[in-house]
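All remarks here apply to the structure that follows.
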Amino acid sequence: MGISENIDHFFENSELDEFFLDKLPSWPLIASTCYVVAQWIFLAGREVELGEGQLSFVVQIVLGVLFMLQQFSFYMFFRIEQWNGALAVAWVVVYYCVIWVKFRMTMPVESNGSFNEDSRTIELTEGANGGPSGVTLTLADSYEATTDNTQGAATPSDSCATSETQEDAKPGFKDLENLDKILAKKKLEPYIFNLKVFITFMVIFSHAYLGLRFPSMDPIDWDFGFVSFGLGGTLIAMPTGISAMNIFMLLSGYFTPKSVKSRGVTKFLVERTKRLGIPLTFTWYIWYPYVELPTIHAVGVVANEDMPPVGDAGVGVAWFVLVLWWFSVIFVACFGDSFNIKMKLPNFGWSYLVMGILGVLSGLLYVYLGNVSYFNVPSCPLFLLGYAAFFFFGTLAGHGAWFEELVKVPGVIRVVIYVSTVGFFAMAELFALQSGMFSTTMDLFHGLNETVAKLLLGLFMYWGALSAALALVLFFHDYCNWTNKLSPFFWASAYTAYLIQKPFVYFALYVASIASGPESSNATGYYYFIVIVPLTLLIWPVAFGIRTIPGFSKVL
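Residue numbers are given in UniProt numbering: position 89 of the sequence shown equals residue 89, and the series is strictly consecutive.
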């Protein structure tokens, strides 16, 4: 096949859409990660100012463009697809060599071979996500060390080499007995971290429910079918799908302004790229193609078709860190380190009005674009506006102390929020079935137009997400604002558990199916909850163990 034929084939098969909408958005982060890691390796521990010995902005852009062109060639010239992985590795090696040469040429050295005496230790190592910090508050967004003198609240992270000597904030590994003392010193409340762990659990369990819906494959018969109102789907999968990632975005945005202000834009982006870009790059080239997909195939969830080339398999659940990185970049591009929008907790009526408008707009996108994945975001037309809104609202909430105001609402308002959350979830599930979002479509509203059903689906999904965020913040503040001996274990493991979950999810389904027998597990409700035990036994200890590997806590 000639070059022109390859190009024609590329466009005829609509792969250009996939290239720009799924692959291209990931490459700036991967290219930035290569640069940041190289800088980290060659400058960490050396007495060099952050700004000396770095590549110029022009060189970074040129290398980033070269990386994208190299990746683009995989889709334009199909004969080299089989060399995808090798070429990607070769590109990274060349990239590192260029950076190394540049650093060696620009490193400030005295005549005796030592670094300048007035240089300071580079501040590139963000805290190991131990206890409340590596607790990475949101999935990937570390609860970074900040010293905000106006509010007196430093977030508990194993700090960079800040000008102040900070106490080790890694109770997950070194300081179990002093967890409450650390939280008190940092003026933090544990309910936010407990909420993060709870949401992580819910995401993992909802993915287990989705695993039940795959077609039957060898070696066992997994033809469970689709049960519209199965216990697992009704109580966990649908509510989690509507609200979980929105809440993670809210929590991530909540601490972003303080983090940018305390670190400055450059350090913030460097640390954010380390914590988000390294896991994404690892997932893209190693975890997803070599661990996750083979595991899924091995237990028979999907057909044993040919594996996609490395770098083309996708990012799996790591789509979240890609979206969060872009939101962070957009935030600092718009506001820098001077985010000054400070407003009180808005009236609930206005909040629901804004979310309702966004929900209807998302419903319109769903009508015209369908239930597809763009920018690696599952069901992108329905969810992406919500993710962006919750992240931005989180920045406002953190700067305006919204959580502190929210927990003061009277009991009757709490009850209304709890009840409305259940109602919105129920309506969203009904309209999801009516609109054909799932594999089974039900005419629950006697001929309601599908377009109208999709608009109402968007409306109730966004109202449900808002109500769930309010309800969970209130509930965890009221009833889960505590710590125990297991808190550091779960806080430190949540981000890693999220990233590695899929192989364990499907292995747990396999074990549960063998234990109960596929003929008795046809989505009867109780079967779904069987997977909770092996999931809990498998994922969290492994995640905690991974973070104990030297150096891993700097990223996870």
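Note that beta-carbon positions come from the ideal geometry of N, C-alpha and C, so glycine has one too.
For residue i, three-class secondary structure by DSSP
{"i": "residue 409", "result": "coil"}
{"i": "residue 549", "result": "coil"}
{"i": "residue 450", "result": "helix"}
{"i": "residue 252", "result": "helix"}
{"i": "residue 604", "result": "The requested residue 604 does not occur in the structure, where the chain is confined to residues 1 to 556."}
{"i": "residue 462", "result": "helix"}
{"i": "residue 401", "result": "coil"}
{"i": "residue 456", "result": "helix"}
{"i": "residue 179", "result": "helix"}
{"i": "residue 189", "result": "coil"}
{"i": "residue 531", "result": "coil"}
{"i": "residue 555", "result": "coil"}
{"i": "residue 291", "result": "helix"}
{"i": "residue 562", "result": "Since the displayed the chain opens at 1 and closes at 556, residue 562 lies outside it and no answer follows."}
{"i": "residue 542", "result": "helix"}
{"i": "residue 536", "result": "helix"}
{"i": "residue 203", "result": "helix"}
{"i": "residue 419", "result": "helix"}
{"i": "residue 37", "result": "helix"}
{"i": "residue 315", "result": "coil"}
Alpha carbon of residue i to alpha carbon of residue j, nearest angstrom
{"i": "residue 490", "j": "residue 179", "result": "13 Å"}
{"i": "residue 336", "j": "residue 192", "result": "26 Å"}
{"i": "residue 206", "j": "residue 413", "result": "29 Å"}
{"i": "residue 404", "j": "residue 290", "result": "45 Å"}
{"i": "residue 468", "j": "residue 556", "result": "27 Å"}
{"i": "residue 258", "j": "residue 451", "result": "42 Å"}
{"i": "residue 316", "j": "residue 36", "result": "23 Å"}
{"i": "residue 422", "j": "residue 32", "result": "42 Å"}
{"i": "residue 509", "j": "residue 531", "result": "6 Å"}
{"i": "residue 190", "j": "residue 410", "result": "22 Å"}
{"i": "residue 333", "j": "residue 236", "result": "37 Å"}
{"i": "residue 474", "j": "residue 407", "result": "6 Å"}
{"i": "residue 260", "j": "residue 40", "result": "19 Å"}
{"i": "residue 420", "j": "residue 471", "result": "9 Å"}
{"i": "residue 29", "j": "residue 320", "result": "13 Å"}
{"i": "residue 488", "j": "residue 448", "result": "50 Å"}
{"i": "residue 276", "j": "residue 388", "result": "17 Å"}
{"i": "residue 297", "j": "residue 511", "result": "15 Å"}
{"i": "residue 565", "j": "residue 339", "result": "What is shown of the chain runs 1 to 556, which leaves residue 565 out entirely."}
{"i": "residue 274", "j": "residue 502", "result": "23 Å"}
{"i": "residue 283", "j": "residue 497", "result": "13 Å"}
{"i": "residue 255", "j": "residue 372", "result": "31 Å"}
{"i": "residue 402", "j": "residue 346", "result": "9 Å"}
{"i": "residue 181", "j": "residue 268", "result": "27 Å"}
{"i": "residue 494", "j": "residue 348", "result": "31 Å"}
{"i": "residue 242", "j": "residue 341", "result": "28 Å"}
{"i": "residue 278", "j": "residue 285", "result": "11 Å"}
{"i": "residue 266", "j": "residue 183", "result": "27 Å"}
{"i": "residue 485", "j": "residue 370", "result": "46 Å"}
Residues bridged to residue i (per DSSP)
{"i": "residue 377", "result": "374"}
8 Å CB neighbourhood of residue i in its chain, flanking five on each side removed
{"i": "residue 500", "result": "287, 539, 542, 543, 546"}
{"i": "residue 507", "result": "295, 299, 534, 538"}
{"i": "residue 361", "result": "385, 458"}
{"i": "residue 210", "result": "237"}
Contact set for residue i: own chain, Cβ-Cβ below 7 Å, skip 5 residues either direction
{"i": "residue 343", "result": "396, 400"}
{"i": "residue 504", "result": "535, 538, 539"}
{"i": "residue 351", "result": "466"}
{"i": "residue 550", "result": "none"}
{"i": "residue 272", "result": "325, 328"}
{"i": "residue 424", "result": "460, 463, 464, 467"}
{"i": "residue 199", "result": "244, 247, 248"}
{"i": "residue 202", "result": "236, 240, 244"}
{"i": "residue 264", "result": "337"}
{"i": "residue 481", "result": "189, 190, 191"}
Beta-carbon contacts of residue i that lie in its chain and below 6 Å, excluding the five residues immediately before and after
{"i": "residue 454", "result": "363, 366, 367, 435"}
{"i": "residue 26", "result": "322"}
{"i": "residue 253", "result": "391, 394, 395"}
beta-carbon residue i near the ligand SAH non-hydrogen atom, thresh 7 Å
{"i": "residue 493", "result": "You won't find the ligand SAH in this model; it holds no ligand whatsoever."}
Curious, which full-length alpha helix (DSSP H) runs of at least 4 residues does the stretch 326-374 contain?
-> 348-369
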